[in-house]
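Chemist: 15 is the number of the first residue of the sequence shown in our numbering; add one for each residue after it.
Backbone N, C-alpha and C define an ideal beta-carbon position, used for all residues, glycine too.
Here it is: the structure, laid out below.
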Amino acid sequence: MKRTFTCGLDAAIAVMGGKWKGLILFALQDGPLRFGELRRAVPGISERVLISQLREMETTGLLHREVYHQVPPKVEYSLTAFGRSLNAAMAPLGEWGEEHLERIEGLPWDEVR
């Protein structure tokens, strides 16, 4: 299915949308990780959601899944050039969040939702 977008921001959010993908990208920025390592690096994510997010990110080309045929089996996830470029684009947003963290934490989130 082909999809059209209203602007670049719309397209970017479609690729990295949701709470978890940005955190997974951040966790993989320093190199490949195995599933268990990723699960520990992204606190609060369930195994089911992590599996789903990793599959989506592999499909969209953000990450590479490397299967090592050994006993026991070993699978590593790493960022592609496309994923690294998205991580670089998200870095200023993360810096903005750090700069305004206290204000953001103090927002009346129960009224926002």
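1. Which residue comes first and which comes last in the beta strand (DSSP E) that contains Val-89?
2. Can you give me the C-alpha to C-alpha distance between Arg-62 and Val-89, rounded to a whole angstrom?
3. Give the DSSP-derived three-state secondary structure of Val-29 in the structure shown.
4. If Ser-92 and Leu-77 are in contact, beta carbons under 8 angstroms, what's the gap, nearest whole angstrom?
5. Quick one: Cα of Leu-107 to Cα of His-83, how far?
6. Checking the sheet assignment: what are the DSSP bridge partners for Arg-81?
7. Could you pull out every residue in the same chain whose Cβ sits closer than 6 angstroms to the Cβ of Glu-72, ignoring the five residues on either side in sequence?
Modeler: Let me spell this out:
1. 88 to 93
2. 16 angstroms
3. helix
4. 6 angstroms
5. 39 angstroms
6. It is worth fixing the name first, because residue 81 is Val in this sequence and not Arg. Its beta-bridge partners are Val-89.
7. Arg-79
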